[in-house]
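Trainee: Take a look at this one; I'll ask things after.
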Amino acid sequence: MHRSPILSTILAVGLGSAAFAQRSVDADKLHLRFATFDPARTTLELPAHLTADKSNRLFVVQFDRAPDGDRRAALARLDAQIVSTLPANAFVVRMRPDRERLVRSIAGVRATLAYHPAFRLEPELITELATGDELPVRKYNIVVANKHLNKPGLIARIDAIGGRIDHEQPGSLLLEVSLDRAQLLQTSQMPEVLWIDRWTAPELDMDNARIQGGANYVETAGGYTGKGVNGHVYEGLEAGHQDFTNRPINVLSAGGADTHGHCTAGIVFGNGTSIAGARGMAPDAQPFFTQYGTVTSGYSRWQVVERLVKTHEVMFTTASWGGGRTRAYTSTSAATDDIIFDHDIVWTNSQSNAGNQDSRPEAWAKNIISIGGVAHRNNANPLDDSWQAGNGSTGPAADGRIKPDLCAYYDGILCSDRTGSAGYSSQNYYTSFGGTSGATPIVAGHNAIAIQMFTDGLFSPQRVKNGTRFQNKPHFTTLKALQIANAAQYSFTKTSTDNRREHCGWGFPDLKAMYDDRALHYVVDETDVLTQGTGMAYVINVPANRSQLKVSLSYADPAANPSATLTRINDLTLRLTAPNGTTHYWGNQGLTDGNYSVAGGDRDQRDTVENVFVQNPTPGPWTVSVMAYLVAQDSHVETTAVDADFGLVAVGGTFVSKRPITISVADAQPFGAGCPSGTNCQLCYSENWTQTSTNQTTNATAVAFFESRSATDPVCGVDLYCGARSGSLDLDVEIWDADNTTLEPKTRIQTARVKVSSVGAYSWRFAQPVTLPFYWIYVKDADKLILPVSTTGSQILHRELVNNKWSDWLFNTRWQYRVYCNKGSVVPTSSTAERPIIGARIHFDLDMTKAVNPAVFLLGASDKNWASLQLPWTYAPGCSLLVSGEIMLGLVSDASGKATVPLDIPNDKQLLGATAFQQFMVFDTRTPLGFISSNGIRLLVGEF
33 MHRSPILSTI LAVGLGSAAF AQRSVDADKL HLRFATFDPA RTTLELPAHL TADKSNRLFV
93 VQFDRAPDGD RRAALARLDA QIVSTLPANA FVVRMRPDRE RLVRSIAGVR ATLAYHPAFR
153 LEPELITELA TGDELPVRKY NIVVANKHLN KPGLIARIDA IGGRIDHEQP GSLLLEVSLD
213 RAQLLQTSQM PEVLWIDRWT APELDMDNAR IQGGANYVET AGGYTGKGVN GHVYEGLEAG
273 HQDFTNRPIN VLSAGGADTH GHCTAGIVFG NGTSIAGARG MAPDAQPFFT QYGTVTSGYS
333 RWQVVERLVK THEVMFTTAS WGGGRTRAYT STSAATDDII FDHDIVWTNS QSNAGNQDSR
393 PEAWAKNIIS IGGVAHRNNA NPLDDSWQAG NGSTGPAADG RIKPDLCAYY DGILCSDRTG
453 SAGYSSQNYY TSFGGTSGAT PIVAGHNAIA IQMFTDGLFS PQRVKNGTRF QNKPHFTTLK
513 ALQIANAAQY SFTKTSTDNR REHCGWGFPD LKAMYDDRAL HYVVDETDVL TQGTGMAYVI
573 NVPANRSQLK VSLSYADPAA NPSATLTRIN DLTLRLTAPN GTTHYWGNQG LTDGNYSVAG
633 GDRDQRDTVE NVFVQNPTPG PWTVSVMAYL VAQDSHVETT AVDADFGLVA VGGTFVSKRP
693 ITISVADAQP FGAGCPSGTN CQLCYSENWT QTSTNQTTNA TAVAFFESRS ATDPVCGVDL
753 YCGARSGSLD LDVEIWDADN TTLEPKTRIQ TARVKVSSVG AYSWRFAQPV TLPFYWIYVK
813 DADKLILPVS TTGSQILHRE LVNNKWSDWL FNTRWQYRVY CNKGSVVPTS STAERPIIGA
873 RIHFDLDMTK AVNPAVFLLG ASDKNWASLQ LPWTYAPGCS LLVSGEIMLG LVSDASGKAT
933 VPLDIPNDKQ LLGATAFQQF MVFDTRTPLG FISSNGIRLL VGEF
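For what it's worth, this note's numbering labels the leading residue of the sequence shown as 33, then goes sequentially.
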C-alpha cells in the first residue's frame, strides 16, 4: 500500500489519556461582519434584497490553506482578478459568472460563492433595511474595489440611478455619496463596490511632558529641538502667533484658525514665548497645517497627504479628531491605512475620550499610531499616572489587536493658545488642555525629536550620506517600532484594573532612554524583503548585566476589507531565541498580562506590531527571527514580486550577523463535523398539544416559533397539528438559527418535507440533529395552511413573514407543536492545541464520547479517497468518514469520555511540507453501522 512520507516515517505512536485542550474550530470559516460560517458546508439563506443578482461579478474564493503564488497565478490564468483578501485563506475576486465553475476546479479551492450585498453592508444598515421602511437620503462612504480603475465607472452608475456624488475623494479608496433606500440597494449590487457604511462628520477629542518624555534631556545632551524636521497638524491654527519660531505653512485649506487645533500645534511646535512652561516638544521644527473644515474644494485627505510628502517633504502628521466613535474597523479605518501605506508617513491619532472601547475609526487602523491617555496629576512622576483617573478610550480592537499604541498626558496640559479672547483663555496660553487631544500631539512631538535623532545616524547609518533629513527619515514602520521599543511601560499584572495594556498601549515615549541606549540599537529600516515562507535571522549580542532586551517589529499592512472581522492581511511574526538555542519568545506572548514576555506559546496571528521584552536577559548571542508566514497581498511595491518588508528595532545589544532563513509552517486545522451518538428521537417537550384546531389561516408566507430549550439535546424532529387549506401540500418545516443582535430568523440549518392534507398530526424528522442555544421552528407556506393553533393553552412567541419582511415579536397565538430530541446524545470531537512540528510531539484529544467507550484513531494520507472509496463517505445521515485510514489504533475513553493519542513527529526535514489527515471513529451500537465519527484534522508538517 502506498503511503505518504509522513506515514512511512512515523514509527512512535503511543496511547494514553490526558486533559482535553479546547481548540477553536474556525479555520475553514469565512470571518465576516455579516456572519462567520463555513462556505463549504453552509448555504446562507439571504433575503432577496441582500442576495447578489445576475449582474454580479464579485465572488469569494476560499482555499484550503494560505494562498501562495501558484494559486494566485491559477486565478489569473482564468481571468479572475484579485480585489481583496478575506479571512480565512480567501480572496474577493472579479470574474465572469461562467468562470466560477472553472475556478472551483483549481487545486486547493474549497469553496466559491457570490460576494453578496449582505457582505458589503455594515450590520446597522442591514438591520435598517430589514424593516422595509423608507430610509432618508443619507451620506455614505463606499470602499471601491479598485481605487485606480473603478471610480469613473462607479460614479457613472450612481449618477444613472439618481444618486449624488458628494466627494470623489481622488486617490483614496473612498467615494462619498448620498443615496435613498432604493439607491443604496442598487449600489450594493454594483461590481465596483467592496463595502458601504454610513459617513460621519469629524468630531474633536478635547512643562511636565518635556521632562517625563525626555525632551529636555536630549536637548541638553544633544541639542535636539526638531530642527530640520517638517511636521503637520491637520487642523487650523493662528499662523502669526508669537509662539511659533517658524511660521506655520498652510497646505490646501483656507488656512483659518481653530482654537483646538492651535493648542495641539502649540504642544508640538510652541517655543514658549507666551509662557516658558508651555514650550512645545519640537520648537525648532517647521510646522505645516491644514484646516480640515475648509480643505480646498475637490481635494481628498489622500491628496492633502500626497502634497505634504511630495511637495513639502513633511515627515509626520497628527490629528486629535476623527470620525464618529465606533468599535469596528470601518471604511474610514481602511482609508487611513491606505493613506499611510501609500505615502509612508507617520500619523498619530487620538483614540478618543469615552472611557471604553468606543474610539475614532482612524485609531483602529493598523498602520497608525493611536494614542491613549493617562492623568498625570500635574507632575513628571510616572508612578502616580493613571488611566483610571482620566477617561481615555481603550482597546483592544474588535479583532483583538492591541490598541492604543502609545499614551501621554490626558489632563492639565499647559500650551499655547490663540491671542487674547479668541482662544480658550484671555491670555496667549492655556493651562487646562487635555483629553487624548492633548496626549496625541505630545507623542507627535516626540516623533519629531526621534526623527531628528534617527536622521543624524544615531541608531544606524544614514540612507544617504550627508543627505537631507527627508532623504534619511525612517519609514513609518521603523519610527513606530523605535518609539515602542524605547517607551516607558506602566507596571501592571493580569489582575490590574489600571494602566493595563489596553489602556496605555506600549507606554509613554522615552527620548532619554532612546538617546542613552543609542549604541545598543539595531535597526532594520525596511531594507530586508521577505516572500511567503521566508525569513531573516539576526544575531544580537547582549552584554552582561543588561536589565532588559526589547525588540519591536512593525510592518505596513494594506488596507483591510471592512467586511472582514479579522483585519490583518499579511502575517509577519517575531521570535527571539535565547543563547541556549532552546528557549523561544514569540511576539506579544504574555504582554497583555504584564510588562515582560513569557517563553513558549505560539505566534501572534492578529497584530501588525509584535514585541518581545525580556527582563534580565541572559548575556550572549540572541537570535531575532522575522518570519513571513503569510504574504497574501504585496506590501513591498518597489518590486514586481508579492513580498513584504518591515521595520525592526532591537534595543539592548549589538549586531553580530544576519542570514536569510526558509520557514516551513506547521499547521493543524479542523475540518468537517462529527455526528451524534445514536439515541431514539424522542419527545422532549410540547406546547398546547390538544389536537384541536381553531381553523385559523394567515396571509403571512411563513411563521416561525421561537425556542430556547435545546442547549444540550439535539433537536431531531417536530410535530404539528395542522392541515392544507385545499387539497394537499408538500410542506417544509425547518430549523433556523437566530441573528445574534435582532434575534430574527437568519440561517436555515435543517429542513424536512411532509405531505399535508386534512387537519391532523404530522411529523417532520431532520436528517441531522441540531444543537443551538436558541432557534426558530420555521413553517413555510403558512398562507396555504390551516395553522397549528390550539383552541386552548398558552400564547407562544412568534414572528410572521409578510412581503419578505419579518414582523416584530408577536405573543397572541396558541401555537400547537411538539419538539423531539436525541436525549443524551453526544457528538465526538477531535482537537489539538499543538502543531505537527518535526522533532516534537502532538496530542490528539478525543472528547464528548460515552464513558469507557471503544474508539479508533485514524491517520491517513488523503481526505479525497481511501483506495477506491471516495471521501468523504457518508455512511449514515450526518455521519461521514473524512480521512483514509492507513494507520489505525484502538483506544478506550476514560470515565469522563475523553482520550488522548500522542504522536511523535520524527526530526526529519524530509517531512517538511508533508500532509496527513486524522479522525476518530467511536463505537456506538445504536447507529446503523455501529459507530459514529468525529470531525477531522488536516495536518501540515513544518519546522515552526
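Just so it is clear, CB atoms sit at the ideal spot from N, CA and C, and this is done for glycine as well.
Keeping to the same chain, check which residues put their C-beta closer than 7 Å to that of Leu961; ignore five residues upstream and five downstream.
Mentor: Contacts found: Tyr907, Ala908.
Trainee: Count the CB pairs spanning the region 292 to 302 and the region 469 to 486 that are closer than 8 Å, and state whether there are at least three.
Mentor: The region 292 to 302, when compared against the region 469 to 486, does touch it at the 8 Å Cβ threshold.
Trainee: How big is the Cα-Cα spacing for Thr615 and Thr219?
Mentor: Using only the alpha carbons, I get a separation of about 54 Å.
Trainee: If you draw a straight line from the C-alpha of Val571 to the C-alpha of Lys690, how long is it?
Mentor: Rounded to the nearest angstrom, the two C-alpha atoms are 6 Å apart.
Trainee: Across the region 679 to 688 and the region 571 to 587, are there enough close Cβ pairs to call them in contact, namely three or more that are closer than 8 Å?
Mentor: At 8 Å Cβ cutoff, the stretches touch.
Trainee: Residues bridged to Glu739 by DSSP?
Mentor: For Glu739, which the question treats as bridged, DSSP gives the partners Tyr807.
Trainee: Could you tell me the distance, in whole angstroms, from the CA atom of Ile937 to the CA atom of Gly140?
Mentor: Approximately 25 Å between the Cα atoms of the pair.
Trainee: How big is the Cα-Cα spacing for Gly101 and Thr472?
Mentor: Distance between the alpha carbons of Gly101 and Thr472: 41 Å.
Trainee: Assuming contact is defined by CB atoms lying nearer than 9 Å, are Gly466 and Gly422 in contact in what I supplied?
Mentor: Yes, the Cβ-Cβ distance between Gly466 and Gly422 is below 9 Å.
Trainee: Helix or strand or just coil, what does DSSP make of Phe66?
Mentor: Phe66 falls in the coil class under three-state DSSP.
Trainee: Measuring only the C-alpha atoms, how far is Asp290 from Tyr331?
Mentor: Cα to Cα, Asp290 sits roughly 20 Å from Tyr331.
Trainee: Between Thr624 and Asp530, what straight-line distance do the alpha-carbon atoms span, to the nearest angstrom?
Mentor: For Thr624 and Asp530, the distance between alpha carbons rounds to 13 Å.
Trainee: My understanding is that Trp654 touches Leu608, with C-beta atoms under 8 Å, so please give their C-beta distance in whole angstroms.
Mentor: 6 Å between Cβ atoms; contact.
Trainee: Verify whether the separation of the beta carbon atoms of Pro319 and Ile281 is less than 9 Å.
Mentor: The answer is yes: Cβ separation under 9 Å.
Trainee: What is the DSSP secondary structure of Phe373, reduced to helix, strand or coil?
Mentor: Three-state DSSP puts Phe373 in a helix.
Trainee: Starting from Ala982, trace the alpha helix (DSSP H) in both directions and tell me its first and last residue.
Mentor: One cannot answer for residue 982 here, as it falls past the ends of the chain, which runs 33 to 976.
Trainee: How many whole angstroms separate the CB atoms of Ser352 and Leu236, which I take to be in contact at a CB cut-off of 8 Å?
Mentor: With a Cβ gap of about 7 Å, Ser352 and Leu236 count as contacting.
Trainee: Going by other Cβ atoms of all chains shown within 10 Å of its Cβ, with 16 needed for buried, is Asp130 buried or exposed?
Mentor: Counting Cβ neighbours within 10 Å, Asp130 comes out exposed, since fewer than 16 surround it.
Trainee: List the DSSP bridge partners of Ser210.
Mentor: Answer by DSSP bridge pairing, in chain order: Lys171, Arg196.
Trainee: State the Cα-Cα distance for the pair Asp879 and Pro99, rounded to the nearest angstrom.
Mentor: Cα to Cα, the separation comes out at about 32 Å.
Trainee: Kindly list the residues whose CB is nearer than 6 Å to the CB of Arg55, restricted to its own chain and excluding five residues on each side of it in sequence; keep chain order.
Mentor: Note that Arg55 scores a pLDDT of 30, beneath 50, so its modelled location is shaky; the value from the coordinates is reported in the next line. Ser863, Ala865, listed in sequence order.
Trainee: May I have the straight-line CA-CA distance separating Val641 from Phe976, to the nearest angstrom?
Mentor: Distance between the alpha carbons of Val641 and Phe976 is about 20 Å.
Trainee: With the cut-off set at 9 Å, would you say Gly304 and Asp275 are in Cβ contact?
Mentor: Yes. Within cutoff.
Trainee: Would the region 587 to 607 count as touching the region 715 to 722 if we require 3 or more Cβ pairs under 8 Å?
Mentor: Judged by Cβ distances under 8 Å, the region 587 to 607 makes no contact with the region 715 to 722, as fewer than three pairs qualify.
Trainee: Are Met347 and Ile483 closer than 9 Å when you measure CB to CB?
Mentor: Yes. Within cutoff.
Trainee: Whose C-beta lies closer than 7 Å to the C-beta of Met953 among residues of the same chain, with five residues either side of it excluded?
Mentor: Same-chain partners within the cutoff: Ala887, Val888, Leu890, Phe963, Ser965.
Trainee: Out of curiosity, what's the CA-to-CA distance linking Ile22 and Trp231?
Mentor: As displayed, the chain neither begins before 33 nor continues past 976, which places residue 22 out of reach and without an answer.
Trainee: With a CB to CB cut of under 6 Å and the five nearest residues on each side skipped, what residues in its chain are close to Ser2?
Mentor: This structure does not reach residue 2, given that the chain is present from 33 up to 976, and the question cannot be answered.
Trainee: Taking C-beta to C-beta, are Gly405 and Trp419 nearer than 9 Å?
Mentor: Cβ atoms of Gly405 and Trp419: closer than 9 Å.
Trainee: Identify every run of the beta strand (DSSP E) within the region 79 to 160, keeping only runs that are complete inside it and at least 3 residues long; order them along the chain.
Mentor: Those beta strand (DSSP E) runs which fall completely within the region 79 to 160 and span 3+ residues are 90 to 95, 113 to 118, 122 to 126, 141 to 146.
Trainee: Among all the DSSP beta bridges, which residues are the ones paired with Leu181?
Mentor: The partner list for Leu181 (beta bridge, DSSP) is empty, contrary to what the question assumes.
Trainee: For Asn627, tell me which candidate among Thr605, Arg532, Ser584 has the shortest Cα-Cα distance.
Mentor: Closest by alpha carbon: Arg532.
Trainee: Taking the alpha helix (DSSP H) that Cys536 falls in, what are its first and last residues?
Mentor: Looking at the DSSP string, the run of the alpha helix (DSSP H) that includes Cys536 is 533 to 536.
Trainee: Considering only residues of the same chain and omitting the five flanking positions on each side of Ser760, which have a CB-CB separation below 6 Å?
Mentor: Once the five neighbours on either side are set aside, the close Cβ partners of Ser760 are Lys787, Ser789.
Trainee: Hey, quick one: how far does the alpha helix (DSSP H) through Cys295 stretch, first residue to last?
Mentor: Per DSSP, Cys295 belongs to the alpha helix (DSSP H) from 291 to 301.
Trainee: Identify the residues that DSSP records as bridge partners of Asp769: which are they?
Mentor: Asp769 pairs with Thr779, Tyr807.
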